[in-house]
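Peer 1: Let me give you the structure first, and then I'll get to my questions.
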Amino acid sequence: MTNPSAPGRNYLNVDYRFRSWLWTTDHKRIAILYMISVTLFFLVGGAAAVLFRLELMTPRGDLVIAETFNKLFTLHGVVMVFFFLIPAIPTVLGNFLLPMMLGARDLAFPRLNLASWYIFMTGGLLAIGSIIAGGVDTGWTFYTPYSSTYSNTNVMLAALGAFVAGFSSILTGLNFIVTTHTMRAPGMTWFRLPIFVWSHYATSIIMVLGTPVIAITLLLVALERGLGFGIFDPKLGGDPILFQHLFWFYSHPAVYIMVLPAMGVVTEIVPCFARNRLFGYTFVAFASLAIAVISFFVWGHHLFVSGQSIYAGMIFSVLSMLVAVPSAVKVFNWTATLYRGSVSLDTPMLYALGFIGLFTLGGLTGLFLATLAIDVHVHDTYFIIAHFHYIMVGGTVMGYLGGIHFWWPKITGRIYPEWWGRLSAGIIFIGFNLTFFPQFVLGYLGMPRRVHEYVDEFQVLNVMSSAGASILGVGYLIPLAYLIWSLRYGPVAGPNPWRATGLEWQTQSPPTTFNFETTPVVTEPPYHYDPGDFQMERIEQSPGAVQGTAR
Amino acid sequence: MTTEAHVAHHFDDAEQQYAAANLGMWLFLATEVLFFGGLFAGYAQYRYWYPTEFAAGSRRLDPTLGAINTAVLLTSSLTMALAVRAAQTNDRRGTVRLLALTIVLGSVFLGVKAYEYYHKYDENLIPGRSFSLSTGHGDSGDLTTLDSSRGVAEAREIDEGPVQIFLSFYFAMTGLHAAHMVIGIGLLGALLAAARRGAFSSDYFTPVEMTGLYWHFVDIVWVFLFPLLYLIR
Amino acid sequence: MYMEEGFRLFPEQASSVAPRVDALYTFLLCVSGFFTVAIFVAIVYMAIKYRHGRPKDRPHPEPEQLWMLEIAWIVMPLALTMVMFFWGAVLYFEIRTPPEDAIELQVVGKQWMWKIYHPQGRSEINELHVPVGRPVRLRMISEDVIHSFYVPAFRVKMDVLPGRYTTMWFEATKPGEYHLFCAEYCGTEHANMSGSVYAMTPAEYAEWLQGAPAETETAQTAGSKLFTQFRCHTCHHDDSELRSPPLAGIFDKSIPLADGRMVRADDSYLRESIVNPMAKVTAGFQPVMPAYQGQLTEEQLLLIIEYIKSLPPRGARGDAS
Amino acid sequence: MHHVVEKKTYYIVSAWLMLLLVLTVAAAQRDLGAANVPIALAIAIAKAILIVLFFMHVRYGSPLVRLFAAGGFFWLLIMLGFILADVQARFSGW
Ligand code: HEA
Ligand code: HEA
Ligand code: CUA
Ligand SMILES: [Cu+2]
């Protein structure tokens, strides 16, 4: 191994051997490992979506039989949730940036961090194994007694996969929390932390305190299938609703694991491209924590028609309303950040603004669901599907892509092609809305979810949705292509192409193994952008970009 | 042995490293609380629904063995705490001995547990298809009431379903606890080896202390399991 | 057949709650529309007005935090959500509490069909005939996994659970044929666990009931036969008061339990008292009743319970203390 | 942070733990009606608190450690509280 701090060295070119990647403890290299893994999982989940969206073009089940269809949406849900969206931002961008934003040399437990990746991959392989062995057909929610007794598919493998991946999530969260507490650079007080760090801190709380509950729940399902335990079996007097309580105790907070990090990304991007300070920093910071904490009090809103008592339903409804308020605060503050700024619409900014708009729509439709009387009608219909894809795909995936573009120069040292970036952001926005907006209408019309055949009158909207999905799929493939292309042919970026604040931009791109030559000292609050500073150079024309830092 | 030798490259000093390890361990334990917590929640619900059956199931366990095991485990916690103290005070021989003692006590606990499990197996009390309350040659005086051979009019037949749920909880909770014990003993074994090499001193005893935290936590879980499983009337 | 209804954006309103749910829905649409448009417009407007490369002498923005503004946009959404909550909760309470005078039908869900029993004895599969203008209450249970009974045109839905009764009610307002779906995923043929609800004028409904095959017996008669067949009557007869509680008129009464708790003798309680009598032993009696778990199907249980409920009350019992 | 606890303290705590063990077994022999469960739980909680404070050094730890130690249990209470509230409500036929 060559000296990591020799000039011209960075974390990427310090060692090329394959082994040096598999045994790395460098948080940045681990982030790259994760990036490759979750992208593959995304393609697997997306391919399943393509297949079942094709099936849904016609009201009859003519492309795949019922069993296959059920396995497809289960695969899609499980892979997208547990192996793509939950890890996506924390383990890729979080891993890469959190230590740098704090001014630290690494996460507190680098070896644990690598272990998390291995655990994650083990879980992923188990899940993929369950597909190869014939698939699973329970839906990502694994409701008992269907999953525990009736389904004759590979529920055990899939549940164990999610169980194992859960531990990776727990360890990542633990690592982040400890790092944030103990590894901040001198002068980096809590209120000088970028919101990205606050969001990841809040996310980590959920990971650490929520994930173990799903772990034990899935373990019990596995025990019930494998050894004949009887905790959820109604034949023995077991309560089917208990499983739902335990499942959603984690899985509701988990939806905020999926959205909080994206909110963090957006909060970094918006001030930078508005050249303006973040509006209401303290409110945005505390809103993250508030969301994380309140999220643990609302899980029962998934059980409004499941036989949960009416009174529990009412309590959960009112608490669900409360969780919307901090989200609203964030949306308003982001919007206000544009005020009197100097806005440029580069690709990351397009994604960030897309996030704000689509998250707003998705979140507001969440309020429909939290409103008891409406949920009775739309529960388990396509309205739900539309709601959460607006947040998870329109919101989080947009946020993730925005973040990838924003920090791509830092991660790789190269600039992606801006024109292609804007084009694909536009395609994704249009394709997305075409896919999922009709589903709101379908849902209110009463089309149940998880069906491969449906009544004829729903066909028109379904065709629109499938058409949108194909546009969306193309939209996702374009960045995949040009980002890989830019690794070799993209212009060299230089340390701070966006002229952004934040410690991660104060070091070379790509950074060295230990991030900073000397531990930085922080003297200012974050986001000290100046809108008067309108001569920001366009990066494409930037002549003075430092040569030779990239590979 | 200097302090700095143990500081990993990314930490500034030993203090920071210790704080990180300590916080990390506590967070891990918080995770563990909720891991077991899922079981406790289910347990609470069913115990509330099926008090009679839970009592009947509990009577099939042996409270004496449970109490002995509790005492063993509480003692092992003491030896563990003393082992940490020995490490803190540079008492190398003490550390080694106390760690060894803790391992022994932990193993005794597991031995008793294994014996109990075997007994349950013998009595057909393992949840599953072969589960049955009436077959087997149990020791409980209540068995008379479970005798299903009498006529319908007299039979006081207890519903086996919820009893099976109770035993499912028994095995899931104690099984998970035992798994934690096994891991704990493994960790202690590694510590023991390191302690014999003289790895720990008043400058550096973090691994001993962290393993201690884990061990005490496992003890706490048992402190709740014992009355909830063995002592229902 | 459905095609003639053609393409539409809003579902049919065919029950008494449907217009009220739609009104609430419209309110939420307006709130959402307002905020979505406001935010889109704000973003687009500012992105243009303050666009980069349009140098203006812009003073530094206001101090970082404007407390009044922040508080305003905390309080305003909070107030709006509370309106949503109360409105929704009141309506939900109604949707979940059936009126007293409802006709009661029994529904059994199993993979992958619906079976429905009318009190007069007629039963049907994957079809439900109801009169308009009368509240109808469904008492539902599943033989296997969780299902969910869903009639979009009525805006009602309720999960159907194994091992426990759930109820649902509606009052159809418009004669016609409507979709019936299973909304909770229940396995391979979940998509086809569907059928139709026929809302009929009361006259038609009466006629339809008459159309039952000749030998059909009412639920109560069938239940009473089972009651004898399973030898329940050996213990529970008119003057059994000493050994076992008489069952006449216990429905919906508060029952004191041996361990001091009180329960309401609803359908779920009655069912549990039969399949697992030990769970809730009635105060003052020995727990000698055998458990019928696994011996009676849900259908048989439904019928027996119908029979028990039909027994006329016999004076002061059950609502002691 | 590196507080060394007196051996005596450990022995005393240990003696208390054993005493509580005897107490809980004794209490279980008697039929205390509805009080049985609360008493058993109270004793278990007392034991747990002793262990956490002394054996696990929380009494000597930083406020942050105390917060983390309490956090897990608090979250457990959230879960238990809501699930049992629903169970109770369903039991009463609400
Ligand atoms: C990232 C994921 C994510 C996020 C962030 C959310 C956020 C929210 N969700 Fe969603 N939800 C899911 C993912 C997500 N959800 C998934 C996956 C499911 C289905 C699971 C399954 O069954 O498979 C689901 C299901 C679901 C249900 C259950 C429906 C059912 O099955 O019957 C409910 C019910 O209350 C609900 C509510 C909410 C609410 C109130 C929010 C709130 O947090 C939203 C808050 C945001 C806003 C409100 C927008 C911003 C605010 C403004 C622009 C200001 C104006 C605001 C006001 C007037 C208040 N969601
Ligand atoms: C968290 C993330 C996430 C993401 C990113 C997505 C992405 C998408 N989802 Fe998914 N979805 C869920 C989470 C997610 N979903 C969950 C949790 C469920 C519930 C599951 C359940 O009920 O259990 C669900 C359910 C669900 C349904 C309902 C299924 C049903 O109930 O019957 C539908 C229907 O349209 C759908 C569509 C889509 C589409 C079109 C995309 C698109 O955004 C996907 C776009 C991506 C691509 C198109 C991939 C690009 C790659 C290629 C094109 C290569 C293809 C290669 C080959 C074909 C060889 N999803
Ligand atoms: Cu029955 Cu879906
Ligand atoms: Cu939720």
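Residue numbers (this note's numbering), protein chains in the order written: chain G, 1 to 551; chain D, 1 to 233; chain X, 1 to 321; chain L, 1 to 94.
Every residue gets a Cβ at the ideal spot worked out from N, C-alpha and C, and that includes glycine.
(1) Between which residues of its own chain and I241 of chain G is the CB-CB distance below 8 Å, once the five residues before and five after are set aside?
(2) Using the Cβ count rule (16 or more neighbours within 10 Å means buried), how would you classify S62 of chain L?
(3) Quick check: Q111 of chain X and D159 of chain X, are their CB atoms within less than 8 Å of each other?
(4) Could you give the C-beta distance for G228 of chain G and R129 of chain D, rounded to a whole number, given that I count them as a contact under 8 Å?
(5) From what residue to what residue does the beta strand (DSSP E) around K110 of chain X run?
(6) Are the beta-carbon atoms of R139 of chain X and E104 of chain X separated by less than 8 Å?
(7) Does G198 of chain D have its Cβ less than 8 Å from a Cβ in chain G?
(8) Flag this pair as yes or no: are the beta carbons of A246 of chain D and G71 of chain L separated by less than 8 Å?
(9) Using the Cα positions of A178 of chain D and A48 of chain L, report the straight-line distance between them to the nearest angstrom.
(10) How long is the line joining the alpha carbons of T221 of chain X and Q106 of chain X, rounded to whole angstroms?
(11) Is the Cβ of V85 of chain L closer than 8 Å to any Cβ of chain G?
(12) Below 8 Å on C-beta distance, what does F40 of chain D contact in chain L?
(13) Residues of the segment 98–110 of chain G in Cβ contact with chain D at a cutoff of 9 Å, in chain order, please.
(14) M56 of chain L by DSSP, collapsed to three states: which one?
(15) What are the residues that DSSP puts in a beta bridge with S148 of chain X?
(16) Which residues in the same chain as V294 of chain G place their Cβ atom closer than 8 Å to its Cβ, once the five residues preceding and following it in sequence are excluded?
(17) Who are the near neighbours of P162 of chain D in its chain, counting only those whose CB is closer than 6 Å to its CB and skipping five residues on each side?
(18) If you follow the alpha helix (DSSP H) that R60 of chain G is in, where does it begin and where does it stop?
(19) If you measure from the CB of M339 of chain X, is any heavy atom of ligand 3 nearer than 7 Å?
(20) Span of the alpha helix (DSSP H) holding L322 of chain G?
(21) I'd like to confirm something about G184 of chain D: is its beta-carbon nearer than 7 Å to some heavy atom of ligand 2, or not?
(22) At least one CB of chain G closer than 8 Å to the CB of F323 of chain X: is that the case?
(23) Going by beta-carbon coordinates alone, are L107 of chain G and T24 of chain G separated by less than 8 Å?
(24) Consult DSSP for W140 of chain G and reduce its assignment to one of helix, strand or coil.
(25) Is there at least one Cβ from chain D nearer than 8 Å to D144 of chain X's Cβ?
(26) Between T95 of chain D and F200 of chain D, how many whole angstroms is the CB-CB distance? I'm expecting something under 8 Å.
(27) Can you tell me whether H252 of chain G is helix, strand or coil according to DSSP?
(28) Comparing alpha-carbon positions, which option in G:H389, G:G124, G:G421 lies nearest G403 of chain G?
(29) Let me see if you follow: with CB-CB separation under 8 Å, is Y50 of chain D close to chain X or not?
(30) Beta carbon of F273 of chain G, beta carbon of D346 of chain G: below 8 Å?
(31) Taking Cβ-Cβ distances shorter than 8 Å, what residues in chain G pair up with L64 of chain L?
(32) Would you mind working out which of G:S344, G:G166, G:T58, G:P194 sits nearest T501 of chain G, comparing C-alpha positions?
(33) Would you verify that the beta carbon of I12 of chain L is, or is not, closer than 8 Å to some beta carbon of chain D?
(34) Counting only beta-carbon atoms, is N126 of chain X nearer than 8 Å to chain G?
(35) At least one CB of chain L closer than 8 Å to the CB of P506 of chain G: is that the case?
(36) Pick out the complete beta strand (DSSP E) segments inside the segment 68–127 of chain X, 3 residues or longer, and give them in chain order.
Peer 2: Result, derived from the coordinates:
(1) L303, S306, G307, Q308
(2) exposed
(3) no
(4) 6 Å
(5) 103–110
(6) yes
(7) no
(8) Given a span of 1 to 233 for chain D in the structure shown, any question on residue 246 of chain D remains unanswerable.
(9) 18 Å
(10) 15 Å
(11) Before going further, note that residue 85 of chain L is Ala rather than Val in the sequence given. Closer than 8 Å: yes.
(12) L76, L80
(13) P99, A104, R105, D106, L107, A108, F109, P110
(14) coil
(15) X:D159
(16) What sits at residue 294 of chain G in the sequence shown is Ile, not Val. Answer for I294 of chain G: L319, L322, V323, P326, listed in chain order.
(17) Y50, E53
(18) Where R60 of chain G is concerned, there is no enclosing alpha helix (DSSP H), given that its DSSP letter is neither H nor E.
(19) Outside the shown range of chain X, which is 1 to 321, sits residue 339 of chain X, and nothing can be said about it.
(20) 310–337
(21) no
(22) Only positions 1 to 321 of chain X appear in this structure, which leaves residue 323 of chain X out of reach.
(23) no
(24) coil
(25) no
(26) 6 Å
(27) helix
(28) G:G421
(29) yes
(30) yes
(31) H181
(32) G:P194
(33) no
(34) no
(35) Note on identity: in this sequence residue 506 of chain G is Gln, with Pro being the wrong assignment. No, because no Cβ of chain L sits closer than 8 Å to the Cβ of Q506 of chain G.
(36) 103–110, 113–117, 123–125
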